[in-house]
Amino acid sequence: MEVGNFYLRKRDYRAALSRFKEAADADPTYADAYLGLGKVYEKIGLKRKALDAYRKYLDALPSEKDAEDAKAVHRAMARLERQTKARPSRQSEWRAARSRSN
Numbered sequence: 824m825e826v827g828n829f830y831l832r833k834r835d836y837r838a839a840l841s842r843f844k845e846a847a848d849a850d851p852t853y854a855d856a857y858l859g860l861g862k863v864y865e866k867i868g869l870k871r872k873a874l875d876a877y878r879k880y881l882d883a884l885p886s887e888k889d890a891e892d893a894k895a896v897h898r899a900m901a902r903l904e905r906q907t908k909a910r911p912s913r914q915s916e917w918r919a920a921r922s923r924s925n
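Structure follows, in structure tokens:
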């Protein structure tokens, strides 16, 4: 997770996504992995995937988890839901940019 957050801060979204996916695959109950996935998906314009990841984060939260984290995720989800209704996803744009960089 620390490595994923490092890559996220460096805006290396591909590397961050890989690390967060590894963490979620290793432990599907690890809430912070889904929080990281949600942040990456949001940054690269995959709003629906971000919403799904944030929902999994909220589902996986342990009961003692700080309520402020959950409130921030709820705000992000509300913003993403408004944005996905207002305009289509940029998933195809991101895929095109990714294929050009390979």
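The sequence shown begins at 824 in this note's numbering and counts up by one. Just so it is clear, CB atoms sit at the ideal spot from N, CA and C, and this is done for glycine as well. All values derive from a computational prediction rather than experimental measurement.
Subject >> Between the CA atoms of A899 and L831 - distance to the nearest angstrom >> reply: For the purposes of this step, residue 831 is taken as residue 8 along the sequence shown, with counting starting at 1. For the purposes of this step, residue 899 is taken as residue 76 along the sequence shown, with counting starting at 1. Straight-line Cα distance between these residues: approximately 17 Å.
Original post:
Mapping DSSP to helix, strand and coil, what is K833?
Top reply: Taking the sequence shown and counting its residues from 1, the one referred to as residue 833 is at position 10. Three-state DSSP puts K833 in coil, outside helix and strand.
**OP:** Could you give the DSSP three-state label for Y928: helix, strand or coil?
**Re:** Shown here, the chain extends from 824 to 925; a query on residue 928 therefore has no answer.
Original post:
Can you tell me where the alpha helix (DSSP H) with L874 in it begins and where it stops?
Top reply: Here residue 874 is taken as the residue at index 51 of the sequence shown, counted from 1. Residues 870-883.
**OP:** For L874, collect the residues of the same chain with a Cβ closer than 7 Å to its Cβ; drop the 5 residues on either side in sequence, then sort them by chain order.
**Re:** To locate residue 874, count along the sequence shown from 1; it is residue 51. Once the five neighbours on either side are set aside, the close Cβ partners of L874 are M900, L903, E904.
Subject >> DSSP-derived helix/strand/coil call for M900 >> reply: The residue labelled residue 900 in the question sits at position 77 within the sequence shown. Residue state, collapsed to three classes: helix.
Subject >> For L869 and Q906, the rounded distance between their alpha carbons >> reply: By one-based count along the sequence shown, residue 906 stands at place 83. By one-based count along the sequence shown, residue 869 stands at place 46. Cα to Cα, the separation comes out at about 11 Å.
Subject >> CA-to-CA distance, K908 to D827, given in whole angstroms >> reply: In the sequence shown, counting from the first residue as 1, residue 827 sits at position 4. In the sequence shown, counting from the first residue as 1, residue 908 sits at position 85. Checking the sequence, you will find Gly at residue 827 rather than Asp. The alpha-carbon atoms of G827 and K908 are separated by roughly 29 Å.
Original post:
Are A895 and L881 closer than 8 Å when you measure CB to CB?
Top reply: Walking along the sequence shown from the start, residue 895 turns up at place 72. Walking along the sequence shown from the start, residue 881 turns up at place 58. Cβ distance not < 8 Å, so A895 and L881 don't count as in contact.
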